[in-house]
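Comments concern the structure below.
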Amino acid sequence: MGEVEEETIEFNWGKKRGVGGKKKDVQFYESFTYDGVEYILFDSVYLYKEGEPEPYIGVGLANVNPLEALAGKCNVICISKDHRNPQPLDDEVQMADFVFYRTFDVAHRTISDKIDDTIAGIHVKFIFNKIDPQKPAGVLKPGFDEKGVSGNDTAIKKVVPLSGQKDRDCVTVKSDGKYVDSLVKESVDSKPSLVKQKCSVGGKLASSVDGQETTKSNGRLEKTIPQSKVKENAESKDSVIKRKSLSGQFASRKDVGFGETDKSGDRQQSISDEKAILRSKVDSNLGECEGRKVFVREVEVEQEVQSSHENCRLEEKPSKKAKMDDSCKVSYGETNSMHKCVSDGGESKTSSQIEVATNNKSKLKLAMEPYRKEEVPSKKMKLDENPSKPSNGKLRKESSLDSPNVDIKVDSRIMEVTRRPDADKSRWFRGIPWEERMKSAHDQGTLVLLQNLDPALTSAEVEDIVWHGFKENCTAKMVQRTAFSSPYYGQAYVIFKTREAAEMAVRKLDQGCLLLSNGRPLVASIGNPCFPEKKPTFYGHLVVDQHRVQSQRDMKDAVSTSHCSQPNNIEYDMAMEWCLLQERADCSWKMLYRRQGEEVKKLKAKLKSK
Amino acid sequence: MGSPAEEDYASFEERVGRTVYFDNLSPQVTESVLRTALDQYATVKNVKFIPNYTEPRNSPQCALVELDSLKKVKEIILVTAQHPFMMTGMPRPVRACPAEVEMFDDHPVKPGRKISCCWLDPRDPDFQIAKELKHITRRHASEAAFIHKHQMEEEKNLSDQQSLILKGNYKKFKMINSIMADGTARRLARRYHLRVADD
Chain A
1 MGEVEEETIE
11 FNWGKKRGVG
21 GKKKDVQFYE
31 SFTYDGVEYI
41 LFDSVYLYKE
51 GEPEPYIGVG
61 LANVNPLEAL
71 AGKCNVICIS
81 KDHRNPQPLD
91 DEVQMADFVF
101 YRTFDVAHRT
111 ISDKIDDTIA
121 GIHVKFIFNK
131 IDPQKPAGVL
141 KPGFDEKGVS
151 GNDTAIKKVV
161 PLSGQKDRDC
171 VTVKSDGKYV
181 DSLVKESVDS
191 KPSLVKQKCS
201 VGGKLASSVD
211 GQETTKSNGR
221 LEKTIPQSKV
231 KENAESKDSV
241 IKRKSLSGQF
251 ASRKDVGFGE
261 TDKSGDRQQS
271 ISDEKAILRS
281 KVDSNLGECE
291 GRKVFVREVE
301 VEQEVQSSHE
311 NCRLEEKPSK
321 KAKMDDSCKV
331 SYGETNSMHK
341 CVSDGGESKT
351 SSQIEVATNN
361 KSKLKLAMEP
371 YRKEEVPSKK
381 MKLDENPSKP
391 SNGKLRKESS
401 LDSPNVDIKV
411 DSRIMEVTRR
421 PDADKSRWFR
431 GIPWEERMKS
441 AHDQGTLVLL
451 QNLDPALTSA
461 EVEDIVWHGF
471 KENCTAKMVQ
481 RTAFSSPYYG
491 QAYVIFKTRE
501 AAEMAVRKLD
511 QGCLLLSNGR
521 PLVASIGNPC
531 FPEKKPTFYG
541 HLVVDQHRVQ
551 SQRDMKDAVS
561 TSHCSQPNNI
571 EYDMAMEWCL
581 LQERADCSWK
591 MLYRRQGEEV
601 KKLKAKLKSK
Chain B
1 MGSPAEEDYA
11 SFEERVGRTV
21 YFDNLSPQVT
31 ESVLRTALDQ
41 YATVKNVKFI
51 PNYTEPRNSP
61 QCALVELDSL
71 KKVKEIILVT
81 AQHPFMMTGM
91 PRPVRACPAE
101 VEMFDDHPVK
111 PGRKISCCWL
121 DPRDPDFQIA
131 KELKHITRRH
141 ASEAAFIHKH
151 QMEEEKNLSD
161 QQSLILKGNY
171 KKFKMINSIM
181 ADGTARRLAR
191 RYHLRVADD
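These protein sequences, in sequence, are chains A and B.
For what it's worth, UniProt numbering labels the leading residue of the first sequence as 1, then goes sequentially.
For what it's worth, UniProt numbering labels the leading residue of the second sequence as 1, then goes sequentially.
This is the structure in structure tokens:
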């Protein structure tokens, strides 16, 4: 931070628009690429200004700005009911960084609900939401429509997403297969939509969807069963590889999808994303229900269906789910207990059920068709160049709400902490003074104090650890060491994006144990920092408050300048007393830290793994 | 030699070597105060205060002062160790020590260090030990906080005590001054037939 960043940031002009200016010496471009992000005319962006604590947001920005001011893209949605405005979907609004529905006239200083046809010379269609077929919204819509058609019974609807969830194993493979270049984010994005398609299809044809699923892969499912058995004891990595091999035709594509990133991370994210969306969907069905409740209900419904004879596939699902749990327990907490019990006894059952399922071929065709139809938009989604990261994070956070008892099952694989994927983005906002950000985070309850860190860690490394431990983006700052800090314990303040995320992290660390290298389990508490007071008191500087008659000259000099005290003075004697006090304090710190160090060492020696 | 990261780190370590850590600074000490206080010994290149969010309130300020050479750092530490060095006030002296890597807000990652983390399974025997370690971490933190608090109290006591002494001294000198000024001393001397040397 202190160092000047000398790295040059990549910049390229994009699509050319024309030539202009008086002498035709100005070139106009419609887009450019800056730091790996493509900006197109009328994009919404963050503009950072020196000295301002918050970045500006520009919607349909067209004035002249220095390139350096550009801090990143911003997802702004217009929620105005204006008929000219392409209405956003609930999910879109939920994923937006900012929403707006009014305008502020800078000339008249009035706020207005009406939006004129042109604003600052820019046609309003650039200010309203873009009609963009590539946007995820376009994909989600058919899902909703479909549901409208088939949806008659909320219970079934709720069940089906869950079955879709599991089916996603195959679905994912399928979708990945279609993708030419599946960025992790994008494939993640597409999953929920696919699941939703499932559900819409399934609204009517719950069982036939299952049939379709099985038959589509015909032999595949049969293979899935032994595989899922293996998975229960095997590492999830293996499981991915295995699935790859068994999914045959799609195997190569999957490599691309999952190969480059942390496998479990990717999948976990996808699941939690998906769940969040499922939940929001259920929410929209049931109106204002608390998320947790809804979720519980889902589970209940699922159990009911399980007991019902008709849906053989659902029975098989738990075993599969359990397998998935190996890689993504964290976000799955709530349903775990159920999975467990089913998967324990379920194996023998499932294999027989598969046979039943594969017999369902008659229904298969029915199901197949809508499924196909749905694939088209999902493909489009992949084209979406702008996977909005912040919104993704939001969704993830919501899903984390669903899992209060996270540590029932724990993924105990050792993760090597590497740079988190979008670590570079956050550096744009480092300009805002930390103290202010910490204050507002403290007010919002998003501040967490982490303890028992290696004191040698850097703030960025702490952010990476949080990312690997919770899949949460955050901003962290190590507490700087002073002469009386403990040499064993490093501390850091971490600002999470939401209060829920902060509370989740604290709870998880309280119940579970995130063991860092060299045997340090992370400790967290909601941060409660003390901020410097306006008029701090300081012990040890004495002033004679009346006019200084005695030793007037000495006093004046002493206060205004710094000096070495000489032993012929009362101040020297007093200074010696302070030195003595300091020595005593040093001794007590030393003794305390020595004893603490021994205690920790003794305990750490008991750890098997280090 | 070495990768850019290693070179980076080496140059950072060199900077650490040229830096003095000061504490027991009064809140009135600013960068310019530090600069003027130290320019009689060395060229001050950079001053950074270490913000304090965890310690008890009102603990003295700490600062990192980057100088032009390692030799100057040693000199300053020696001077402040031999004589009580006071900045903007008396009689509490400041303290100087060599700076350490972790004191820096912006210290780079040490090259070659690998961090790993894992969520422990509750059935893992290590789980219980880790729980104990967490517990001990919290306990140690509160122990340190207690000592800190205690130390602040002692500082306050010493400060109060010295303030009393100073006030007493002040009163004494003022009284002597006034009886010399208004002739009381001379009158008394005459009354008791003492000779007061008049200078």
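Beta carbons: idealized from backbone N, C-alpha and C, even for Gly.
Just so it is clear, the structure is predicted and the values come from calculations on it, not from any experiment.
T30 (chain B) and L450 (chain A) have their alpha carbons spaced roughly 30 angstroms apart. The beta carbon of S44 (chain A) does not come within 8 angstroms of any beta carbon belonging to chain B, so the residue lies off that interface. Per DSSP, the continuous alpha helix (DSSP H) segment holding L580 (chain A) begins and ends at 570–605. Contact between the stretch 457–470 of chain A and the stretch 505–519 of chain A is present: three or more C-beta pairs spanning the two stretches fall below 8 angstroms. Chain-order list of chain A residues neighbouring M87 (chain B): S562, by C-beta distance under 7 angstroms.
As far as DSSP is concerned, C74 (chain A) takes part in no beta bridge. Per the Cβ contact rule, the stretch 107–114 of chain B is in contact with the stretch 2–20 of chain B (3 or more Cβ pairs under 8 angstroms). For the C-beta of M415 (chain A), the chain B residues within less than 7 angstroms are, from N- to C-terminus, S116, C117, C118.
Straight across, the Cα-Cα distance linking Y539 (chain A) with L580 (chain A) is about 15 angstroms.
Using a Cβ distance threshold of 8 angstroms, Y53 (chain B) and C530 (chain A) count as a contacting pair.
Residue contact check for S588 (chain A) against chain B: a CB pair falls below 8 angstroms.
Closest in alpha carbon position to N169 (chain B), among A:F28, A:W578, A:W13, A:V544, is A:V544. Taking the C-beta atoms as reference points, S486 (chain A) is found no nearer than 8 angstroms to H148 (chain B). Relative to the Cα of E154 (chain B), the nearest Cα in the group A:R584, A:R84, A:G14 belongs to A:R584.
Residues of the same chain with a CB within less than 6 angstroms of the CB of A99 (chain B), apart from the 5 flanking positions on each side, are V16, T19, Y21, L64 in chain order. Taking a contact to require three or more Cβ pairs closer than 8 angstroms, the stretch 124–142 of chain B and the stretch 431–440 of chain A do not qualify as touching.
H123 (chain A) sits in a strand when the DSSP states are folded into three classes. Selection B:C117, B:V79, B:P4 evaluated against E461 (chain A) yields B:C117 as nearest (Cα-Cα).
For the UniProt domain "RRM" (18–101) of chain B, the continuous alpha helix (DSSP H) assignments of 4+ residues that do not extend past its boundaries occur at 31–38, 70–82, in sequence order. For E461 (chain A), the enclosing alpha helix (DSSP H) starts and ends at 459–470.
Taken atom to atom, the span from the alpha-carbon of F100 (chain A) to that of A107 (chain A) is near 19 angstroms. Assignment of G168 (chain B) by DSSP, reduced to helix, strand and coil, places it in the helix class. Non-local C-beta neighbours of E577 (chain A) in its own chain, meaning closer than 8 angstroms and more than five positions away in sequence, are absent. Shown here, T498 (chain A) sits in coil according to DSSP, grouped into three states, outside any helix or strand. Across the structure, K497 (chain A) and C78 (chain A) are spaced so that their CA atoms are roughly 23 angstroms apart. Look at S178 (chain B) here: in three-state DSSP terms it is helix. DSSP lists A:T33 as the beta-bridge partner residues of E38 (chain A). Only residues of its own chain outside the window of five on either side were considered, and among them none has a CB closer than 6 angstroms to the CB of S142 (chain B). Per the DSSP secondary-structure output, F11 (chain A) pairs in a beta bridge with A:Y34. Within the same chain, and ignoring the five residues on either side of S3 (chain B) in sequence, the residues whose Cβ sits closer than 8 angstroms to its Cβ are P111.
Closer than 8 angstroms to the CB of E577 (chain A) there is at least one CB belonging to chain B.
The C-alpha of I127 (chain A) lies about 25 angstroms from the C-alpha of V19 (chain A). Per DSSP, the unbroken alpha helix (DSSP H) holding A185 (chain B) starts and ends at 184–191.
By the Cβ-count criterion, Q82 (chain B) is exposed, with fewer than 16 other Cβ atoms from all chains shown falling within 10 Å of its own Cβ.
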